[in-house]
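Notes to accompany the following structure.
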Amino acid sequence: MEEINLNETLSYRILVGIQLYYTPALVTLGSLGNSLSVLVFFTTKLRKLSSSYYLSALAISDTGFLLITFPSWLGMFDDVTWFNQPGFCEFSVYMTQVCSFLSVWFIVAFTVERFIAVRYPLKRPSMCTVSRAKAVLLCLSLFALISYTPYIFISGVSKQNGSDIETCGPRRELMGIATTLNHVDVVFTLLIPFLAIVILNALISRTVYKVARVRRSMTKSSGGGGSHKSRTSSSQTKVTEMLLVVSTVFICLNLPSYVMRVWVYLSESLNLGEEQNINMIILQQYFQLLFLTNFGINFALYCVSGQNFRKALISIFKPDLLRRAETTQITVSEYCRTASTRRTKTVNGSWRETHELVPINRPMN
41 MEEINLNETL
51 SYRILVGIQL
61 YYTPALVTLG
71 SLGNSLSVLV
81 FFTTKLRKLS
91 SSYYLSALAI
101 SDTGFLLITF
111 PSWLGMFDDV
121 TWFNQPGFCE
131 FSVYMTQVCS
141 FLSVWFIVAF
151 TVERFIAVRY
161 PLKRPSMCTV
171 SRAKAVLLCL
181 SLFALISYTP
191 YIFISGVSKQ
201 NGSDIETCGP
211 RRELMGIATT
221 LNHVDVVFTL
231 LIPFLAIVIL
241 NALISRTVYK
251 VARVRRSMTK
261 SSGGGGSHKS
271 RTSSSQTKVT
281 EMLLVVSTVF
291 ICLNLPSYVM
301 RVWVYLSESL
311 NLGEEQNINM
321 IILQQYFQLL
331 FLTNFGINFA
341 LYCVSGQNFR
351 KALISIFKPD
361 LLRRAETTQI
371 TVSEYCRTAS
381 TRRTKTVNGS
391 WRETHELVPI
401 NRPMN
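Counting along the sequence shown from 1, when you hit position 50 you're at 90 in our numbering, and nothing is skipped either side.
Below you can see the structure in the form of structure tokens.
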């Protein structure tokens, strides 16, 4: 049987072409978008919200993952070999695992906070605070930095079978430990977060739907009229909607890559043909591109689904435009309230004066 060369297959050449241009574009635009996200969350009125700290931490960890991935892309060029050097190899593997873990669990923490805010609104002021968010982020960061230290010792530079090319990866003598750690990593960065996000999102969506239905019925019965409480509730709903978009996209982009990782582990005991192995390798690389996309797409998701984020972004670069828009909105709101007041006065005033029964004063004897 003729041996199949991976580099000669059409699907692999297409993959290499996509990686050659897509990866640097994603790293550049994604890092820029994440930096803008941190700027918006920390320099505008959004900094008063605890959710902004979770999203800022997510942007920082995503940027770290993108930047540490970029040197591996440079490894596609034969004259760039500093990625496969002792020291940097171990550091890059370690930071990749840390940033990947933090990005997942920052979303889980944000989802838990939104669940509390939506399901238990009376507890939101005391539980969903900035200080509590900082404490959660600090604990998660310390846990990740400590728990992933074994990857520094099981990783290293080694030569490929039958060649003098050195690559960065698990050490051969520690391959068993590396496999076990990968299994544990799949549980803590896929299974548990996936179940938590899906269940919490379902509960959040159910609660938001019920609250919206009750609010609509109350608005109809009371004839409208805004209040500070309703505006606060509307703001919380907007943040929740943005969370649902971010977490749903996260699951869609991460799930294929993790499923493929599980399949690779399970297929090690199977005697697959060479062609099947090549197809699986190529498919895994395509799914890896989806996985990488997750770390650079959140800024676009915030702009599309987050009305408060868009306003805050405009306030940084176009403050006059936002000020004029808010002035126009206030003017329209005041006009509507004035018109409503006039209608109320008309009903309670002239109609009552004309048609209200006036008591007859009996003459005094």
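Heads up, the beta-carbon is just placed ideally off N, CA and C, and yes, glycines get one too.
Just measuring C-alpha positions, the residue of VAL197, VAL148 and ILE321 sitting nearest PHE290 is VAL148.
At the C-beta level, VAL144 and THR280 stay beyond 7 Å of one another. Here the alpha carbons of PHE228 and CYS139 stand approximately 13 Å from one another.
When rounded, the separation of the alpha-carbon atoms in LEU142 and SER297 is 17 Å. Judged by DSSP secondary structure, PRO165 falls within the alpha helix (DSSP H) whose first and last residues are 164-167.
In this structure SER101 touches PHE146 by the C-beta definition: roughly 6 Å separates them, less than 8 Å. Taking a C-beta distance under 7 Å as the contact criterion, ILE217 and ILE232 do not qualify as a contact pair. Here VAL224 is exposed: its Cβ has fewer than 16 other Cβ atoms, across all protein chains shown, within 10 Å. Buried is the label assigned to GLU153, since at least 16 other Cβ atoms lie within 10 Å of its Cβ. Assigned with DSSP and collapsed to three states, PRO210 falls in strand. In its chain, beyond the 5 residues on either side, SER90 have a beta carbon closer than 8 Å to the beta carbon of ARG172.
The C-alpha of PHE82 lies about 8 Å from the C-alpha of TYR93. One thing to note: LEU106 has its Cβ within 7 Å of the Cβ of VAL67. For GLN125, same chain residues with a beta-carbon under 8 Å away, outside a window of 5 residues either side, are VAL197 in chain order. The straight-line gap separating the alpha-carbon atoms of LEU221 and VAL302 is approximately 13 Å.
In the DSSP assignment, GLY196 falls within the unbroken beta strand (DSSP E) covering 195-199.
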